[in-house]
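Notes follow the structure.
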Amino acid sequence: MMQPKEKFDHLFQKLSEEDKRSLLDYMEYLVTRAEQKIWEDIPDFDHPFSENQPASNREKEEYLTLEELKKELNL
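As numbered in this note's numbering, the sequence shown has no gaps in its residue numbers, which increase by one up to the final residue, 76.
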């Protein structure tokens, strides 16, 4: 059984020059679409962190400042 790249090369060589260009254009479209979809899937962040954000995080979950971490690690 042929590997995917070998199969692609074999089939690609059977195409006319016009069809080869069409296939390459379509492949470029698929790559571009995939890259754009990745960016579109990232949620928008519409509010910046405030000065009080670390304090509110401390209340919700364990949070250490850099200085506290250095003390804990004896640095």
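Even glycine gets a Cβ: it sits at the ideal position worked out from N, Cα and C.
For the 8 Å CB-CB criterion, leucine 31 and phenylalanine 13 do not form a contact. Between the alpha carbons of glutamate 19 and aspartate 10 lies a distance of about 16 Å.
For leucine 67 and methionine 2, the gap between their C-alpha atoms comes out near 57 Å. In this structure, the CA atom of glutamate 29 is about 25 Å from the CA atom of proline 44. When the Cα atoms are used, lysine 71 and leucine 65 turn out to be separated by approximately 10 Å.
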